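In the working numbering, the protein residues as written are 86 to 483. Think of the CB as a built atom: it goes at the ideal place given N, C-alpha and C, for glycine as much as any other residue. These figures come from a predicted structure and were not determined experimentally. Step one of this worksheet: look at the structure below.
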Amino acid sequence: MTLTTKQRELRSKVLDQIYVNGPISRVEISKQTGITPATVSELTGSLMTENLIYELGEDSSENNKSGRKRILLDIAARHSFYIGSELSEKYFSFCLSDNTGKVFAEKVITFKAGDKNEALTEVHFIEELNHFIHCYHSYQPKAVGIALPGHFNHKSKTIYSNNPHWKNFNLGILIENAALPIYFKNNVHSMANAERLFSENNTDENFIFFHVGRGMFCSYIYEGNTYGEHKFLVGEVGHTIVHPDGELCECGKRGCLQTYASEAWIIKKSRILFESANTTFLSQLTPDTQSISIETILSAYKMGDEGVTAILNNAIKYLSITINNLPMVIDTNKIILHGELFNEPALTNLLSRYLNQNTILLPLSHTWDIVFKPYSNINGALGACSLAISNFLLQGRE
86 MTLTTKQREL RSKVLDQIYV NGPISRVEIS KQTGITPATV SELTGSLMTE
136 NLIYELGEDS SENNKSGRKR ILLDIAARHS FYIGSELSEK YFSFCLSDNT
186 GKVFAEKVIT FKAGDKNEAL TEVHFIEELN HFIHCYHSYQ PKAVGIALPG
236 HFNHKSKTIY SNNPHWKNFN LGILIENAAL PIYFKNNVHS MANAERLFSE
286 NNTDENFIFF HVGRGMFCSY IYEGNTYGEH KFLVGEVGHT IVHPDGELCE
336 CGKRGCLQTY ASEAWIIKKS RILFESANTT FLSQLTPDTQ SISIETILSA
386 YKMGDEGVTA ILNNAIKYLS ITINNLPMVI DTNKIILHGE LFNEPALTNL
436 LSRYLNQNTI LLPLSHTWDI VFKPYSNING ALGACSLAIS NFLLQGRE
């Protein structure tokens, strides 16, 4: 049955509620969306016919003891499958997930420093993507999502990024050669979307997804939507100033957060340490400066390297300042921190101590949760799967 634009909009709202607040009753869906109970019943009946949702059983919560028990609805697993991929200067990652975000297959292709110019090409990526699709064609994937290391420029079909590796990467070639519907979105926005759709603790609250990688970026989910998604400067937390007399950032300002806490600058400072300090453990872990990675730096940190410890502790200090400032200007209940640095318990403990030293003491204030999301190089690809699900399944954009 072909849906009208209005019917598709209402279906999307109902399905979205079941994703982010499920298990949920029809009555609660009507209350949350403002859609009439009769229309909710009609739409959920259609979704059940499609085997996209199912009745979980009666609501046995204490708030619903009297009267007729409400029937709870939830998303049915394995209804359909989607492919997600993240473009990174360190790797291409791919995953196959079902419509609930359960990963069924994954693949990561990593690059060495000297191979990037040859590896980071549209031709190479298309070959790998098509190979991955072919390997799992039996799942009949419906669509592909691509998580980008920047923003999608719809007009030029390119990646808007200050990283020179992506300056001439033509996404139009991907669109022309895609056998499936394909969608593009910033990688951090994609991961935030996955948190909203797939999180086990569904409350659909406002939250910030704070990513620390080569650069730094925040995605803000406000009232169910990505805030400022089409304004590319929104979320560039790495270019907020934390030290007015600090180092000169590539953006032209001094003392940007990313000159202290981004992976690129941490590696840059560690390379200087490698060349200037005789006692650093970095020289035992890697043969030259070009081979220094975040993994190398974290290994030196665990070994007690004083220079590396100073670099990372300084990064954590300035991160804590920024994180503590965010809830002062943004309505959020939770800040999710994501990055390879946060896989090191000593650093997360240090950050937690800094944050706890600067809590608000206003009597009317409420606290916000800080969540450290375990880093994996497949997280961006799963975020891309959520992008495909949002566009193809929830919103019906083919």
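Tell me whether the beta-carbon of glycine 345 lies closer than 8 Å to the beta-carbon of alanine 400. The residue given as residue 345 occupies position 260 in the sequence shown. The residue given as residue 400 occupies position 315 in the sequence shown. Per the sequence shown, the amino acid found at residue 345 is tyrosine instead of glycine. Contact flag set, yes.
Excluding the 5 residues preceding and the 5 following serine 355 in the sequence, name in chain order all residues of the same chain whose CB lies nearer than 7 Å to its CB. The residue you call residue 355 lines up with position 270 of the sequence shown. Closer than 7 Å at Cβ, skipping near neighbours: Leu367, Ile377, Ile382, Val393 and Ile396.
Alpha carbon to alpha carbon, how far is leucine 157 from valine 327? The residue labelled residue 157 in the question sits at position 72 within the sequence shown. The residue labelled residue 327 in the question sits at position 242 within the sequence shown. Distance between the alpha carbons of leucine 157 and valine 327: 48 Å.
Reducing DSSP to helix, strand and coil, say where arginine 281 ends up. Position 196 of the sequence shown holds residue 281. Three-state DSSP puts arginine 281 in a helix.
Which first and last residues belong to the beta strand (DSSP E) in which methionine 133 is found? Your numbering for residue 133 matches position 48 in the sequence shown. Premise fails: methionine 133 lies in the alpha helix (DSSP H), 122-134, not in any beta strand (DSSP E).
According to DSSP, phenylalanine 217 sits in a beta bridge with which residue or residues? The residue labelled residue 217 in the question sits at position 132 within the sequence shown. The partner list for phenylalanine 217 (beta bridge, DSSP) is empty, contrary to what the question assumes.
Between the region 468-478 and the region 315-327, do at least 3 Cβ pairs fall closer than 8 Å? no
Roughly how many angstroms separate the alpha carbons of arginine 438 and lysine 387, rounded to a whole number? Position 353 of the sequence shown, counted from the first residue, corresponds to residue 438. Position 302 of the sequence shown, counted from the first residue, corresponds to residue 387. Their backbone Cα atoms lie some 19 Å apart in a straight line.
Which two residues bound the contiguous alpha helix (DSSP H) that contains threonine 118? For the purposes of this step, residue 118 is taken as the residue at position 33 of the sequence shown. Membership of threonine 118 in the alpha helix (DSSP H) is indicated by the continuous run 111-118.
At what residues does the alpha helix (DSSP H) containing aspartate 547 begin and finish? An answer regarding residue 547 cannot be provided, because it is not within the stretch 86 to 483 covered by the chain.
Residues near aspartate 183 in its chain [Cβ-Cβ closer than 8 Å; skip 5 each side]: For this step, residue 183 is matched to residue 98 along the sequence shown. Ala162, Arg163, His164, Ser165, Phe166, Tyr167 and Phe189.
Note down, in chain order, each residue of its chain lying with its Cβ closer than 6 Å to the Cβ of arginine 299, except the 5 sequence neighbours on either side. On the sequence shown, position 214 is the one that residue 299 refers to. Glu348 and Ala349, listed in sequence order.
Where the alpha helix (DSSP H) containing serine 355 begins and where it ends: The residue you call residue 355 lines up with position 270 of the sequence shown. Counting along the chain, the alpha helix (DSSP H) containing serine 355 begins and ends at 348-361.
So, at 7 Å on beta carbons, what are the nonlocal neighbours of leucine 128 in its own chain, with the 5 sequence-adjacent residues on each side left out? Here residue 128 is taken as the residue at index 43 of the sequence shown, counted from 1. Taken in chain order, the residues that qualify are Leu95, Arg96 and Val99.
When the Cα atoms are used, what is the spatial distance from phenylalanine 302 to lysine 154? Within the sequence shown, numbered from 1, the residue matching residue 302 stands at position 217. Within the sequence shown, numbered from 1, the residue matching residue 154 stands at position 69. The alpha-carbon atoms of phenylalanine 302 and lysine 154 are separated by roughly 45 Å.
For glutamine 343, which residues in the same chain have their Cβ closer than 7 Å to its Cβ, ignoring the five residues on either side in sequence? Walking along the sequence shown from the start, residue 343 turns up at place 258. The answer, listed in chain order, is Gly300, Met301, Gly323, His324, Cys334 and Trp350.
Where does threonine 394 fall in DSSP's three states? Residue 394 sits at position 309 when you count from the first residue of the sequence shown. If DSSP states are grouped into helix, strand and coil, threonine 394 belongs with the helices.
Could you give the first and the last residue of the continuous alpha helix (DSSP H) run that contains glutamate 261? Locating residue 261 in the sequence shown gives position 176, where the first residue counts as 1. Glutamate 261 -> alpha helix (DSSP H) spans 256-262.
So, threonine 185 versus phenylalanine 283, is the Cβ gap smaller than 8 Å? For the purposes of this step, residue 185 is taken as residue 100 along the sequence shown, with counting starting at 1. For the purposes of this step, residue 283 is taken as residue 198 along the sequence shown, with counting starting at 1. Cβ distance < 8 Å, so threonine 185 and phenylalanine 283 count as in contact.
Boundaries of the beta strand (DSSP E) in which tyrosine 245 is found, first to last residue: Position 160 of the sequence shown, counting from 1, holds the residue named residue 245. Element bounds for tyrosine 245: 243-245.
Would you check if the distance between the CB atom of alanine 228 and the CB atom of glycine 468 is smaller than 8 Å? For the purposes of this step, residue 228 is taken as residue 143 along the sequence shown, with counting starting at 1. For the purposes of this step, residue 468 is taken as residue 383 along the sequence shown, with counting starting at 1. The answer is no: Cβ separation not under 8 Å.
Just the Cα atoms here: how many angstroms apart are leucine 411 and cysteine 180? Locating residue 411 in the sequence shown gives position 326, where the first residue counts as 1. Locating residue 180 in the sequence shown gives position 95, where the first residue counts as 1. Going from the Cα of leucine 411 to the Cα of cysteine 180 covers about 32 Å.
Beta-carbon gap between asparagine 462 and valine 193 smaller than 8 Å: Start at 1 with the first residue of the sequence shown, and residue 462 comes out as number 377. Start at 1 with the first residue of the sequence shown, and residue 193 comes out as number 108. Against a cut-off of 8 Å, the Cβ pair of valine 193 and asparagine 462 comes out as a contact.
Once you ignore the five residues that flank glutamate 207 on each side, which residues in its own chain have a CB closer than 7 Å to its CB? The residue you call residue 207 lines up with position 122 of the sequence shown. For glutamate 207, where only same-chain residues beyond five positions count, the Cβ hits under 7 Å are Phe254, Asn255, Ile258 and Leu259.
Note down, one range per segment and in chain order, each alpha helix (DSSP H) of at least 4 residues found wholly within the region 380-437. Runs of the alpha helix (DSSP H) inside the region 380-437: 391-414.
Among Lys91, Thr417 and Tyr139, which one has its Cα closest to the Cα of tyrosine 312? Taking the sequence shown and counting its residues from 1, the one referred to as residue 312 is at position 227. Minimum Cα distance to tyrosine 312 is reached at Thr417.
Just curious, the beta strand (DSSP E) that leucine 141 is in, first and last residue? Taking the first residue of the sequence shown as 1, we reach residue 141 at position 56. Start and end: 138-143.
Between the Cα of aspartate 389 and those of Thr365, Asn409, Leu404 and Thr371, spot the shortest distance and give me the residue it belongs to. Taking the sequence shown and counting its residues from 1, one reaches residue 389 at position 304. Reading off the sequence shown, one finds glycine at residue 389, where the question assumed aspartate. Out of Thr365, Asn409, Leu404 and Thr371, Thr365 has the C-alpha closest to the C-alpha of glycine 389.
What does DSSP give as the partner residues of arginine 155 in its beta bridges? Numbered from 1 along the sequence shown, position 70 holds the residue referred to as residue 155. DSSP lists no partner for arginine 155.
Straight-line CA distance for alanine 250 to aspartate 373? Within the sequence shown, numbered from 1, the residue matching residue 250 stands at position 165. Within the sequence shown, numbered from 1, the residue matching residue 373 stands at position 288. The sequence given here has histidine at residue 250, not alanine. Cα to Cα, the separation comes out at about 22 Å.
Under a three-way DSSP split, which group does glycine 465 fall into? Numbered from 1 along the sequence shown, position 380 holds the residue referred to as residue 465. It is helical.
Three-state secondary structure (DSSP) at asparagine 441? Locating residue 441 in the sequence shown gives position 356, where the first residue counts as 1. It is helical.
Which residues mark the beginning and the end of the beta strand (DSSP E) in which leucine 233 is found? The count along the sequence shown starts at 1 and reaches residue 233 at position 148. Counting along the chain, the beta strand (DSSP E) containing leucine 233 begins and ends at 229-233.
Spell out the partners DSSP gives asparagine 238 in its beta bridges. Walking along the sequence shown from the start, residue 238 turns up at place 153. Paired residues: Thr243.
Compare the C-alpha of histidine 209 against each of Leu172, Lys353, Lys338 and Gly235 and name the closest. Walking along the sequence shown from the start, residue 209 turns up at place 124. Checked all of Leu172, Lys353, Lys338 and Gly235; the closest Cα to histidine 209 is Leu172.
Tyrosine 460 versus phenylalanine 427 - alpha carbon distance: Numbered from 1 along the sequence shown, position 375 holds the residue referred to as residue 460. Numbered from 1 along the sequence shown, position 342 holds the residue referred to as residue 427. Answer to the nearest angstrom: the Cα atoms are 7 Å apart.
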